[in-house]
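Take a look at the structure set out below.
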Amino acid sequence: MAEISEAKIRKIIDSRGNPTVEVDIISNNITGRAAAPSGASKGTFEVRDYPEGGIAQGIIGFARVSKMATGMRLSDQKGFDSMLHEADGTDNLSRVGGNIAVAASLAYAKASAKSDNIELYQSLSSGKTVSLPKPMGNIIGGGKHAINGTTMQEFLSIASGKCYSDSAFANVAVHKKTGELIRLKFPDLSLGLGDEKAWVAPLSDMEALELLSSAIRSASENTGVKIGPAIDLAASEFCEDGSYTYKDKRLSKEEQIDFMADLAERFGVMSLEDPLDESDFDGFAELTKRIGKDTMIIGDDLFVTNKVRLQKGISIGAGNAILIKPNQIGTLSDMIETVELAKHNNYKTIISHRSGETEDATIAHLAVGLGIEYIKTGTIGGERTAKHNELIRIEEKLNKSQ
Ligand code: PGA
Ligand code: ZN
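In our numbering, the protein residues as written are 24 to 425.
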C-alpha cells in the first residue's frame, strides 16, 4: 500500500480574487490536489474556515498536519480524517481551519483513487452503478453575492434533460435568454454578473421570478428540455428579530411562510433553499408540512452539512432536502456520514459550490460517486463550468463503459 511522502499547502487565488488554500498529498510519483472554496453568506453553524490569524496562520499551522500525514497509508479516508480531527483538537476545526482540513481531506481522497488507478467517483461508489446529478444553475442573483441585486440571493433553473450535457446546456439557454430579457427591460443600463456569474439587475424579487419564468418557458421550448425555477433565499441574511425585510415590505415569520407557499404554488417553484432563518427548525417544519409534498425545502445554513443538525431536522420534519458543502463540515468522512443520513431518511441531496470558487472540480466526482441527486454549481464562468465540464467527461466515460 502506498504511503504519503509529503503534504504541501499553498495560497492560491479564488474567483473573487481572495486568497484560498490548495493542498497536495504526494505519494512517490502520485499527487492528489484539492482547493477550498469560500462562502459570502456563510452559516453561523459551519466549522470555522481558518484559525485565529487567518489564512497565513493556517498555512503555518499546517506543518503539524503535514508531519502527522507523512508516512500514513493511502486509501484509509476515515483514518486520515481522524488524524485531521486529532491534529485540530476542537469541535469546529478552529485550530487547523475547516478550509485547510477540507482541502487536505479531498486531496487525500484523490491521491488514494489515483494510486488505485481509478477515478475519484469510482473509488467513492465502490463498484455500485452510478448516475449523474441534475444541475441547478444560478440565473439572477443578489443578496451577499452582488451589489444592488435582488433581496433573495439566487434565482435558479433546474433542467431535467435526457443527459447531463443536455441539462447543463438547457440552463445555459435560460441564462442567455434571461440576459436578453434584462437588456430589453433596461436598454440604457450597464448590466453585470454577480459572484456566481448570475445576472445582477435592479429587479425586485417578484420581477426576477417573473423574468426567470419567461426565460425558462422560452428555453424549454427551444431546447425541448423540461426546466423549472428554484430559489435560494439565504433568508438569514435579511432576517432580523424574526422578521424578513425586503426592499418593499417587512414580513413576520408566519407571513414569510405564507409568501413561500404562495410563490411555490403560483410559479411551480421546484425548490426553496433557506426560506427561513438558519435557527428556525420549527418554521422549516411548518413550511415542509404545507408544501413539502411538491416542493423541495432545502436546508443550507440550517443544516450546514452537519449530521447532528440534520438529525434534529429529521426528527421534527424540518425540510426534506439538504445542501451539501464539504467545507461547511471540513472532512470528506463527515460529509459522507451526513449524505448517508439524508438518504436513509429520504431527504434529497444537493452538492454545492460556494460563491468564492476555484477551478477544482472535485464536487463533480462526489456527486456521481455518492449518488447525490443535484449539483448546484452556477451556470457559466470558468470556476463553475470546471464542474459541469468534468461531469460531461464523466458522462462520456460512463456511456463508453456501458
Ligand atoms: P455562499 O452561499 O457560498 O456565499 O455561502 C451559497 C449558498 O447560500 O448556497
Ligand atoms: Zn444557500
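We put the beta carbon where it would ideally sit given N, CA and C, even for glycine.
Ligand 1 heavy atom lying under 6 angstroms from the CB of residue i
| i | result |
| --- | --- |
| R332 | no |
| G62 | yes |
| A221 | no |
| R377 | yes |
| A257 | yes |
| K65 | yes |
Selection from the options that minimises the alpha carbon distance to residue i
| i | options | result |
| --- | --- | --- |
| E301 | F326, I254, D114 | F326 |
| I239 | E288, V223, L179, N140 | L179 |
| A127 | I386, G55, S38 | G55 |
| I398 | D47, E69, M159, V88 | M159 |
| L163 | A387, V292, F209, A224 | The identity of residue 163 in the sequence shown is Ile, whereas the question assumes Leu. Comparing Cα-Cα distances from I163 to each of A387, V292, F209, A224, the minimum goes to A224. |
| A384 | N52, S28, D211, A130 | A130 |
| L234 | L310, D111, H198 | H198 |
| E277 | S266, A287, K270, A134 | S266 |
| I48 | K31, A124, P60 | K31 |
| E219 | R39, G102, G336 | R39 |
| V391 | E413, R407, G379, L214 | E413 |
| L299 | I280, R407, V195 | I280 |
| G404 | K101, T381, I373, S275 | T381 |
| E296 | A344, I205, S154 | A344 |
| E288 | K272, G306, L274, I314 | I314 |
| K270 | S259, M229, K348 | M229 |
| N140 | A58, K348, E69, S98 | S98 |
| T246 | C186, S154, G202, F261 | C186 |
| A57 | G202, L212, T43, V292 | T43 |
| G217 | K208, N161, P210, K90 | N161 |
| D317 | G306, T328, V292, R407 | V292 |
| L333 | A365, R206, F103 | A365 |
| I339 | G306, T328, K348 | G306 |
| G112 | T93, G94, G84 | G84 |
Cβ-heavy atom distance, residue i to ligand 2, below 6 angstroms
| i | result |
| --- | --- |
| E380 | no |
| A409 | no |
| D228 | no |
| E296 | yes |
| D323 | yes |
Under 7 angstroms between C-beta atoms of residue i and residue j
| i | j | result |
| --- | --- | --- |
| N115 | R71 | yes |
| A308 | A341 | yes |
| I35 | E26 | no |
| G324 | G66 | For clarity, residue 324 is Asp in the given sequence; the question names Gly instead. A contact, by the Cβ cut-off of 7 angstroms. |
| S375 | L393 | no |
| I254 | M175 | yes |
| I250 | A169 | no |
| E396 | K423 | no |
| A134 | I82 | no |
| N171 | N350 | no |
| K157 | S188 | no |
| L143 | H388 | yes |
| K410 | T400 | yes |
| E360 | K335 | no |
| R118 | P60 | no |
| G184 | A193 | yes |
| A242 | K200 | yes |
| S259 | A63 | no |
| F290 | S236 | yes |
| M24 | R96 | yes |
| S294 | I337 | no |
| L155 | E418 | yes |
| A136 | S146 | yes |
| L226 | T173 | yes |
| Q80 | A132 | no |
At 3 residues or longer, what runs of the beta strand (DSSP E) sit wholly inside the stretch 291-347? 294-296, 319-322, 344-347
Quick check: the stretch 343-358 against the stretch 103-116, are at least 3 beta-carbon pairs closer than 8 angstroms? yes
Could you give the uninterrupted runs of the alpha helix (DSSP H) lying entirely in the stretch 167-223, keeping only those of 4 residues or more? 187-208
Counting only runs of 4+ residues fully inside the stretch 337-411, write out the alpha helix (DSSP H) ranges in chain order. 349-352, 355-367, 385-392
Can you give, in chain order, each stretch of the alpha helix (DSSP H) that sits fully within the stretch 101-148 and has at least 4 residues? 121-138, 143-148
Segments assigned alpha helix (DSSP H), at least 4 residues, entirely inside the stretch 226-274: 228-246
Three or more beta-carbon pairs under 8 angstroms between the stretch 278-297 and the stretch 310-317, yes or no? yes
Could you tell me which whole beta strand (DSSP E) segments of length 3 or greater appear in the stretch 27-101? 29-36, 42-50, 53-58
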